[in-house]
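Participant: Residue numbers (full-length UniProt numbering): 1 to 493.
Note that the Cβ used here is the ideal one computed from N, Cα and C, for glycine as well.
Can you keep this structure in mind? I'll have questions shortly.
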């Protein structure tokens, strides 16, 4: 069995070479370097160390992933023909070293991997920047940076910024989170005597530096102003938590799932209105208001241990993956129609699992405006014969509900639950009339509301023309204006 001793050459020149690595290099065993482009390598001949470099693989590979896979394979081949092989990489063997991770993942029974000493550039960078990583440190790869990976409250080090094009990509990703003029520190050749360079520049100038090379790291300090975190999703989560806290807002603290119900519906309608307006700024604002409702409900639930906002995200992600097997699974879909068919099939499977006995109302969506839901329930029940025989029977039911409501009102219990219940029954019965006449109750109510709005605005104009105030104008005059509106305005379609 061959043994691969993976060691790090440290972050800088020979002064930073770990003693353990030095001793292994002096062992006489074959030395394989991931790259000879490292400050220590120029001193190896003086130490009497012969080596093989894998730089040729960079030149003959189309991608870095391919290159690192080939490097791991070549090191394994060397271990099969030698009892001991030293694989030396820049810095530390397990920090930003994909070839080492691939080598470990091979799990070859004929090749043992031993991780040896090394010093990471993190140590030198932290020393030069005078930061304590325990405060929170985020280490990211500049070649795979995405704004969603950033956390502006943490110290952030971005490695592998080896050329100006990578610096441009890094800059653009950072600008999604930080202001364009946010100060960043560029460190080159940290720990290399005579070559080290550190410069603070505004973010927008990051890719204008002409000395960026393979030894370059970018440091982004944590933000100090709270407003600079407001574009981060969990910043809003924290604000809502504060609002619900002991020293928060009295209104927010007293809310419950039930008290917020109407606001969820209201905000959803305002989002729809903003979409109709085709105003992006207004839409962004209204989507934020709707998201606030989600965060409030999640916070309320977390306070009693039901769920928290992470559970909301998790269930959403799980559902999206489950309902898109053509994206995340083995199924395929080439058209919107095929996607819809898959979607409906998955939802049907979900309903089957949830229902031990299928209800005739299982096809009704209870998530929607109350009138639309009521009409949907009535239609579903009617399909199995649970319905009135004729329109006159429905009309009699409306009269019955009106009488019951009147009885409750006469008792002067206007705020009692009995009044609310009877009024609800009356509204439900009115929906039945609309359904019998094959009319949509939601549309009828919207039309009636629009008709009232137009007539009321006519009355407003007449009041303004009369130079009278609402408090002074007589009821008789208002009635006359209202009748004028009924005659003057065009009929609703």
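Could you pull out every unbroken alpha helix (DSSP H) segment of at least 4 residues lying fully inside the region 23-94, listed in chain order?
Facilitator: DSSP runs (the alpha helix (DSSP H)) wholly in the region 23-94: 55-60, 64-81.
Participant: Below 8 Å, can you find three or more Cβ-Cβ pairs linking the region 136-151 to the region 195-215?
Facilitator: Taking 8 Å as the limit for Cβ pairs, the verdict is that the region 195-215 does not touch the region 136-151.
Participant: When DSSP builds the beta bridges, which residues end up paired with residue 199?
Facilitator: Position 199 of the chain shown holds residue 199. According to DSSP, which records beta bridges pairwise, residue 199 is partnered with 186.
Participant: What residue ranges within the region 440-472 form continuous alpha helix (DSSP H) runs of no fewer than 4 residues, ordered along the chain?
Facilitator: Within the region 440-472, the complete alpha helix (DSSP H) runs of at least 4 residues are 441-465.
Participant: So residue 64 packs on residue 91, CB below 8 Å; how close in whole Å?
Facilitator: Position 64 of the chain shown, counted from the first residue, corresponds to residue 64. Position 91 of the chain shown, counted from the first residue, corresponds to residue 91. Going by Cβ atoms, the distance from residue 64 to residue 91 rounds to 17 Å, so no, they are not a contact pair.
Participant: Along the chain, where does the alpha helix (DSSP H) that runs through residue 263 open and close?
Facilitator: Taking the chain shown and counting its residues from 1, one reaches residue 263 at position 263. Looking at the DSSP string, the run of the alpha helix (DSSP H) that includes residue 263 is 257-277.
Participant: Assuming residue 114 is part of the alpha helix (DSSP H), what are its boundary residues?
Facilitator: Within the chain shown, residue 114 is the residue found at index 114, counting from 1. Taken as a continuous stretch (DSSP letters only), residue 114 belongs to no alpha helix (DSSP H), being part of the beta strand (DSSP E) at 111-115.
Participant: Using a Cβ-Cβ cut-off of 7 Å (strictly less than) and excluding sequence neighbours within five positions of residue 161, which residues of its own chain qualify?
Facilitator: Along the chain shown, one-based indexing puts residue 161 at 161. 142, 167, 170, 212, 216, 217, 218, listed in sequence order.
Participant: Counting only the same chain and skipping the five closest in sequence on each side, list residues whose C-beta sits under 7 Å from that of residue 106.
Facilitator: As a first step, residue 106 must be located in the chain shown, where it is residue number 106. Here the set comprises 72, 76.
Participant: Just to confirm my understanding: we take residue 489, look at its own chain, exclude 5 residues before and 5 after, and list those with CB closer than 7 Å. What are they?
Facilitator: Here residue 489 corresponds to residue number 489 of the chain shown, with the count starting at 1. Closer than 7 Å at the Cβ level, and outside the excluded window around residue 489, lie 454, 455, 458.
Participant: Let me make sure I understand the geometry here. Which of 114, 426, 231, 263 has the alpha-carbon closest to that of residue 5?
Facilitator: Here residue 5 refers to the residue found at position 5 of the chain shown. Cα-wise, what sits closest to residue 5 is 114.
Participant: Closest to residue 266 by CA distance: which of 369, 69, 96, 86 is it?
Facilitator: Within the chain shown, residue 266 is the residue found at index 266, counting from 1. Measuring from the Cα of residue 266, the nearest candidate turns out to be 369.
Participant: If we ignore side chains and look at the alpha-carbon of each, how far apart do residue 425 and residue 419 end up?
Facilitator: Here residue 425 refers to the residue found at position 425 of the chain shown. Here residue 419 refers to the residue found at position 419 of the chain shown. Rounded to the nearest angstrom, the two C-alpha atoms are 10 Å apart.
Participant: Have a look at residue 275 and residue 290 and give me their C-alpha separation to the nearest angstrom.
Facilitator: Your numbering for residue 275 matches position 275 in the chain shown. Your numbering for residue 290 matches position 290 in the chain shown. Rounded to whole angstroms, residue 275 to residue 290 spans 13 Å at the Cα level.
Participant: Tell me the DSSP bridge mates of residue 5?
Facilitator: Stepping through the chain shown from its first residue, residue 5 is reached at position 5. In the DSSP output, where bridge partners are listed per residue, residue 5 has 86, 114.
Participant: Thinking C-beta only, is residue 36 closer than 8 Å to residue 53?
Facilitator: What you label residue 53 is simply residue 53 of the chain shown in a count that begins at 1. What you label residue 36 is simply residue 36 of the chain shown in a count that begins at 1. It is a contact, given that the beta carbons lie within the stated cut-off.
Participant: Grab me the residues of residue 433's own chain with a C-beta within less than 6 Å of its C-beta, minus the 5 sequence neighbours each way, in chain order.
Facilitator: Your numbering for residue 433 matches position 433 in the chain shown. So the list reads 394, once near-sequence residues are dropped.
Participant: Please tell me whether residue 131 and residue 151 are closer than 8 Å, where the distance is taken between their beta carbons.
Facilitator: The residue you call residue 131 lines up with position 131 of the chain shown. The residue you call residue 151 lines up with position 151 of the chain shown. For residue 131 and residue 151, no; Cβs fall outside 8 Å.
Participant: Determine the burial state of residue 356: buried for a count of at least 16 other Cβ atoms within 10 Å of its Cβ, exposed for fewer.
Facilitator: Along the chain shown, read from residue 1 onward, the residue named residue 356 stands at position 356. A caution first: residue 356 carries a pLDDT of 47, below 50, which makes its placement in the model unreliable, though a value can still be read off. It is exposed - the Cβ of residue 356 has fewer than 16 other Cβ atoms within 10 Å.
Participant: Does the distance from the CB of residue 190 to the CB of residue 125 come in under 8 Å?
Facilitator: Against the chain shown, residue 190 aligns to sequence position 190. Against the chain shown, residue 125 aligns to sequence position 125. Yes; because the gap between Cβ atoms is below 8 Å, this pair is in contact.
Participant: Measuring CB to CB, does residue 445 end up less than 8 Å from residue 371?
Facilitator: As a working note, residue 445 is residue 445 in the chain shown. As a working note, residue 371 is residue 371 in the chain shown. The answer is yes: Cβ separation under 8 Å.
Participant: In this structure, does DSSP put residue 219 in helix, strand or coil?
Facilitator: What you label residue 219 is simply residue 219 of the chain shown in a count that begins at 1. In the structure shown, residue 219 sits in a strand (DSSP, three-state: E or B).
Participant: Nearest to residue 173 by alpha carbon, out of 188, 165, 145?
Facilitator: For the purposes of this step, residue 173 is identified with residue 173 of the chain shown, where counting begins at 1. For residue 173, the nearest C-alpha among the options comes from 145.
Participant: At least one CB of chain D closer than 8 Å to the CB of residue 382: is that the case?
Facilitator: Among the chains of the structure shown, chain D does not appear; only one protein chain is present.
Participant: Is residue 286 buried or exposed, if buried means 16 or more other CB atoms sit within 10 Å of its CB?
Facilitator: If you number the chain shown from 1, residue 286 lands on position 286. So residue 286 counts as buried.
Participant: Assuming contact is defined by CB atoms lying nearer than 8 Å, are residue 86 and residue 32 in contact in what I supplied?
Facilitator: Taking the first residue of the chain shown as position 1, residue 86 is located at position 86. Taking the first residue of the chain shown as position 1, residue 32 is located at position 32. Yes, Cβ-Cβ distance for residue 86 and residue 32 is below 8 Å.
Participant: Taking C-beta to C-beta, are residue 9 and residue 89 nearer than 8 Å?
Facilitator: As a working mapping, residue 9 is identified with position 9 in the chain shown. As a working mapping, residue 89 is identified with position 89 in the chain shown. Yes, the pair counts as a contact, with Cβ atoms nearer than the cut-off.
Participant: Using the Cβ count rule (16 or more neighbours within 10 Å means buried), how would you classify residue 417?
Facilitator: One-based indexing of the chain shown puts residue 417 at position 417. Residue 417 should be labelled exposed.
Participant: Assuming residue 223 contacts residue 206 under a Cβ cut-off of 8 Å, what Cβ separation, rounded to an integer in Å, is found between them?
Facilitator: Stepping through the chain shown from its first residue, residue 223 is reached at position 223. Stepping through the chain shown from its first residue, residue 206 is reached at position 206. Not a contact, Cβ separation roughly 17 Å.
Participant: Do the CB positions of residue 147 and residue 176 come within less than 8 Å of each other?
Facilitator: What you label residue 147 is simply residue 147 of the chain shown in a count that begins at 1. What you label residue 176 is simply residue 176 of the chain shown in a count that begins at 1. For residue 147 and residue 176, yes; Cβs fall inside 8 Å.
Participant: Determine the extent of the beta strand (DSSP E) in which residue 141 is found, giving its start and end residues.
Facilitator: Taking the chain shown and counting its residues from 1, one reaches residue 141 at position 141. Looking at the DSSP string, the run of the beta strand (DSSP E) that includes residue 141 is 137-141.
Participant: Would residue 49 and residue 79 be called neighbours here (beta carbons separated by less than 8 Å)?
Facilitator: On the chain shown, position 49 is the one that residue 49 refers to. On the chain shown, position 79 is the one that residue 79 refers to. No, Cβ-Cβ distance for residue 49 and residue 79 is not below 8 Å.
Participant: Verify the contact flag: residue 150, CB atom, against every heavy atom of the ligand GTP, threshold strictly below 7 Å.
Facilitator: The model on display carries no ligand, and the ligand GTP is accordingly not part of it.
Participant: Near residue 38, what residues of its chain come up, given a Cβ to Cβ distance below 7 Å and the 5 sequence neighbours on each side ignored?
Facilitator: Looking up residue 38 in the chain shown gives position 38. Only 9, 90 meet the Cβ criterion.
Participant: Using 8 Å for Cβ pairs, my map puts residue 93 next to residue 116. What's the rounded Cβ distance?
Facilitator: The sequence position of residue 93 within the chain shown is 93, counting from 1. The sequence position of residue 116 within the chain shown is 116, counting from 1. Yes, residue 93 and residue 116 are in contact; Cβ-Cβ is about 7 Å, under 8 Å.
Participant: Spell out the partners DSSP gives residue 159 in its beta bridges.
Facilitator: What you label residue 159 is simply residue 159 of the chain shown in a count that begins at 1. Its beta-bridge partners are 141.
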